[in-house]
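Novice: The structure's right below; bear with me while I get my questions together.
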């Protein structure tokens, strides 16, 4: 940062433009080429008002100074010019103008000197505006960083609350998950036992079905034999009518056949009883299998329920994994946000440090300028006091001169009167002498 501003001359065209931009005065280049007393007086007063809008009026004077003036109304313009000259001298000295400001620059301004004064003052304006803009940028950046830091702290606190809520929900659901896992393990064990029991039931059912097939085959054979016996009996009845011998043989054959039929009936009865017992066994097996089927349906429902529970467990585990991933991502974001906050905090501290350095440097420059201005103001006050003393002495001398003039005028009047008296006396004496001479 530059420690001082430039005191180079500014072209008149740029001076006119800068004065218009700062709304100090609306001038033309011709006004600066041929300046007059009224123009520069109004221009310098506008510049002083722009620098300090709350400063005292240039036309005012202290009561102590008024007491030294016999007729203050006659000195209004001189007081205004004196105040303006004093303030412009302080301002020109403060902006380090290489040319000293003299009273002639107000009464009879010069083109080059006026341009030099305006260049120095406007360079100071531009320098001050640049520095104020830099400081304003630093303040704006610091305020923006402060607002951003507060927003990030709010977001971090919200994320911490969300992480805490997720952890609390996980801790609350952990017993339920453990209970569901225990139920799933128990159901899996029950399913394994029921599957084994189902396999044994299928094996016994297969054995009973094979026995049923064998009994059906035996019943079919017995019915076939019974049908053959009925056919043979019909044949024998037809043979009885034909011959007694044949009848006798037929009877014997019939007896033998009847014996065989009885045997077959006996065997059929036995097979029927066996079939009946088999049917009973089948019915018992059917009841048992129905019961087992009902149990299997219940087991299947439990299996389906266990599958549903397993799916719920998987969903819960998936949610847990998602929660863990979201927690990890939130923690990563939190770390990133904290890193950004630290970076912004460090940048804010650096900006504050730079701002403090700039402010300290500006304050040093300002204090230096203030000290210079105060010293010059003190010198000017001392000079003004001396001038006022000299003015008072001049007023005393003027009063004495006026008094002497009045005294001399009175003496002159008195001498004139005396001369007239002497002349009159001389004329009277001359007349009397002339008359006396005439008589003689």
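Residue numbers (full-length UniProt numbering): 1 to 440. For every residue, glycine included, the Cβ atom is placed at its ideal position computed from N, Cα and C.
(1) Starting from residue 96, trace the alpha helix (DSSP H) both ways and give me its first and last residue.
(2) Does DSSP put residue 121 in a helix, a strand or coil?
(3) Could you have a look at residue 376 and say whether DSSP puts it in helix, strand or coil?
(4) On the CB-based measure, 16 or more other CB atoms within 10 Å of its CB, does residue 93 come out buried or exposed?
(5) Write down the C-beta distance between residue 106 and residue 85 rounded to the nearest angstrom, noting that I regard them as a contact closer than 8 Å.
(6) Tell whether a beta-carbon distance below 7 Å holds between residue 156 and residue 327.
(7) Tell me which same chain residues have a C-beta within less than 6 Å of the C-beta of residue 74, skipping the five on either side of it?
(8) Whole-angstrom Cβ separation of residue 309 and residue 184, contact assumed at under 8 Å?
(9) Nearest CA to the CA of residue 170: which residue from 357, 376, 321 and 423?
(10) Do you know offhand how far residue 175's Cα is from residue 304's?
(11) For residue 220, count neighbouring C-beta atoms within 10 Å of its own C-beta (all shown protein chains included) and say buried if the count is 16 or more, exposed if not.
(12) How would you label residue 48, buried or exposed, when you count the other beta carbons within 10 angstroms and need 16 or more for buried?
(13) In three-state terms, what does DSSP make of residue 86?
(14) Would you mind giving the Cβ-Cβ distance between residue 38 and residue 119, rounded to the nearest angstrom? I have them listed as a contact below 8 Å.
(15) Measure from the alpha carbon of residue 109 to the alpha carbon of each residue in 40, 406 and 418, then state which is nearest.
(16) Just how far apart, CA to CA, sit residue 356 and residue 139?
(17) Whole angstroms is fine: what's the gap from residue 20's alpha carbon to residue 133's?
(18) Report yes if the C-beta distance between residue 111 and residue 33 is below 7 Å; otherwise report no.
(19) Classify residue 97 as buried or exposed, calling it buried when 16 or more other Cβ atoms lie within 10 Å of its own Cβ.
(20) Assign residue 82 to one of two classes, buried (16 or more other C-beta atoms within 10 Å of its C-beta) or exposed (fewer than that).
(21) Given a cut-off of 7 Å, decide if residue 10 and residue 122 are closer than it, judged by their beta-carbon atoms.
(22) Once you ignore the five residues that flank residue 27 on each side, which residues in its own chain have a CB closer than 7 Å to its CB?
(23) Exposed or buried, residue 423, counting other C-beta atoms within 10 Å across all chains shown (16 or more means buried)?
(24) Does DSSP classify residue 23 as helix, strand or coil?
(25) Do residue 159 and residue 371 count as a contact pair if the criterion is CB distance below 7 Å?
(26) Just mark residue 266 as buried or exposed, buried being the case when its beta carbon has 16 or more other beta carbons within 10 Å.
(27) Determine, using beta carbons only, whether residue 88 and residue 50 come nearer to each other than 7 Å.
(28) Can you name, in chain order, every residue of its own chain whose Cβ lies under 7 Å from the Cβ of residue 22, other than the five neighbours on each side?
(29) Kindly indicate which residue of 420, 338, 402 and 325 has the alpha-carbon position closest to the one of residue 150.
(30) Within the continuous alpha helix (DSSP H) that includes residue 46, where are the two ends?
(31) At the 7 Å Cβ level, is residue 26 part of the contact set with chain C, yes or no?
(32) Using a threshold of 7 Å, state whether the C-beta atoms of residue 351 and residue 141 are closer than that.
(33) For residue 35 versus residue 115, is the C-beta distance shorter than 7 Å?
(34) Apart from the five residues on each side of it in sequence, which residues of its chain come closer than 6 Å, Cβ to Cβ, to residue 63?
(35) Since residue 145 contacts residue 348 with CB under 8 Å, what's their CB separation in whole angstroms?
Specialist: Inspection of the coordinates gives the following:
(1) Taking the chain shown and counting its residues from 1, one reaches residue 96 at position 96. For residue 96, there is no enclosing alpha helix (DSSP H), since its DSSP letter is neither H nor E.
(2) Here residue 121 corresponds to residue number 121 of the chain shown, with the count starting at 1. For residue 121, the three-state secondary structure derived from DSSP is helix.
(3) In the chain shown, counting from the first residue as 1, residue 376 sits at position 376. Reduced to three states, the DSSP call for residue 376 is helix.
(4) Residue mapping note: residue 93 aligns to position 93 of the chain shown, counting from 1. Buried: at least 16 other Cβ atoms inside 10 Å.
(5) Stepping through the chain shown from its first residue, residue 106 is reached at position 106. Stepping through the chain shown from its first residue, residue 85 is reached at position 85. About 6 Å separates the two Cβ atoms, so the contact holds.
(6) What you label residue 156 is simply residue 156 of the chain shown in a count that begins at 1. What you label residue 327 is simply residue 327 of the chain shown in a count that begins at 1. Cβ atoms of residue 156 and residue 327: not closer than 7 Å.
(7) Taking the chain shown and counting its residues from 1, one reaches residue 74 at position 74. In this prediction, residue 74 scores a pLDDT of 44, lower than 50, which makes its location untrustworthy; the coordinate-derived value is nonetheless stated afterwards. So the list is empty, once near-sequence residues are dropped.
(8) The residue you call residue 309 lines up with position 309 of the chain shown. The residue you call residue 184 lines up with position 184 of the chain shown. Yes, they are in contact, since the Cβ atoms of residue 309 and residue 184 sit about 6 Å apart, within 8 Å.
(9) Here residue 170 refers to the residue found at position 170 of the chain shown. For residue 170, the nearest C-alpha among the options comes from 321.
(10) Start at 1 with the first residue of the chain shown, and residue 175 comes out as number 175. Start at 1 with the first residue of the chain shown, and residue 304 comes out as number 304. Cα atoms of residue 175 and residue 304: separation of roughly 23 Å, rounded to the nearest angstrom.
(11) Within the chain shown, the letter at position 220 stands for residue 220. Exposed, because fewer than 16 other Cβ atoms sit within 10 Å of the Cβ of residue 220.
(12) Position 48 of the chain shown, counted from the start, is the residue given in the question as residue 48. It is buried - the Cβ of residue 48 has at least 16 other Cβ atoms within 10 Å.
(13) Here residue 86 refers to the residue found at position 86 of the chain shown. In this structure, DSSP gives residue 86 a helical state, which the three-state scheme calls helix.
(14) Indexing the chain shown from 1 puts residue 38 at position 38. Indexing the chain shown from 1 puts residue 119 at position 119. Beta-carbon to beta-carbon, residue 38 and residue 119 are separated by about 21 Å, too far to satisfy the 8 Å threshold.
(15) Here the question's residue 109 lines up with position 109 in the chain shown. Among 40, 406 and 418, the Cα nearest to that of residue 109 is on 40.
(16) Looking up residue 356 in the chain shown gives position 356. Looking up residue 139 in the chain shown gives position 139. Annotation: residue 356 to residue 139 spans about 11 Å, alpha carbon to alpha carbon.
(17) The residue given as residue 20 occupies position 20 in the chain shown. The residue given as residue 133 occupies position 133 in the chain shown. Taken atom to atom, the span from the alpha-carbon of residue 20 to that of residue 133 is near 20 Å.
(18) Within the chain shown, residue 111 is the residue found at index 111, counting from 1. Within the chain shown, residue 33 is the residue found at index 33, counting from 1. Closer than 7 Å, so yes.
(19) One-based indexing of the chain shown puts residue 97 at position 97. Around the beta carbon of residue 97, 16 or more other beta carbons lie within 10 angstroms, which makes this residue buried.
(20) For the purposes of this step, residue 82 is taken as the residue at position 82 of the chain shown. It is buried - the Cβ of residue 82 has at least 16 other Cβ atoms within 10 Å.
(21) The count along the chain shown starts at 1 and reaches residue 122 at position 122. The count along the chain shown starts at 1 and reaches residue 10 at position 10. Judged by beta-carbon spacing, residue 10 lies within the 7 Å limit of residue 122, meaning their Cβ atoms are closer than that value.
(22) Looking up residue 27 in the chain shown gives position 27. Here residue 27 has 16 and 19 as same chain residues with Cβ atoms under 7 Å from its own Cβ, once five neighbours each way along the sequence are excluded.
(23) For the purposes of this step, residue 423 is taken as the residue at position 423 of the chain shown. When all chains shown are included, residue 423 counts as exposed.
(24) On the chain shown, position 23 is the one that residue 23 refers to. Judged by DSSP in its simplified three-state form, residue 23 adopts coil rather than helix or strand.
(25) To locate residue 371, count along the chain shown from 1; it is residue 371. To locate residue 159, count along the chain shown from 1; it is residue 159. No.
(26) Position 266 of the chain shown, counted from the start, is the residue given in the question as residue 266. Exposed, since its Cβ has fewer than 16 Cβ neighbours within 10 Å.
(27) Taking the first residue of the chain shown as 1, we reach residue 88 at position 88. Taking the first residue of the chain shown as 1, we reach residue 50 at position 50. It is not a contact, given that the beta carbons lie outside the stated cut-off.
(28) What you label residue 22 is simply residue 22 of the chain shown in a count that begins at 1. Excluding sequence positions up to five before and after residue 22, its CB lies within less than 7 Å of the CB of 50 and 125, all in the same chain and listed in chain order.
(29) Here residue 150 corresponds to residue number 150 of the chain shown, with the count starting at 1. Selected option, being the one with the closest Cα: 338.
(30) Walking along the chain shown from the start, residue 46 turns up at place 46. For residue 46, the enclosing alpha helix (DSSP H) covers residues 37-51.
(31) Here there is only one protein chain, and chain C is not present.
(32) What you label residue 351 is simply residue 351 of the chain shown in a count that begins at 1. What you label residue 141 is simply residue 141 of the chain shown in a count that begins at 1. Closer than 7 Å, so yes.
(33) Locating residue 35 in the chain shown gives position 35, counting from the first residue. Locating residue 115 in the chain shown gives position 115, counting from the first residue. Result no, Cβ atoms of residue 35 and residue 115 do not sit closer than 7 Å.
(34) Working through the chain shown from its first residue, we reach residue 63 at position 63. Any answer about residue 63 is weak, because its pLDDT of 44 lies below 50 and its placement is not dependable; what the coordinates show is given next. Cβ within range, chain order: n/a, list empty.
(35) Against the chain shown, residue 145 aligns to sequence position 145. Against the chain shown, residue 348 aligns to sequence position 348. Residue 145 to residue 348, Cβ: 4 Å. Contact.
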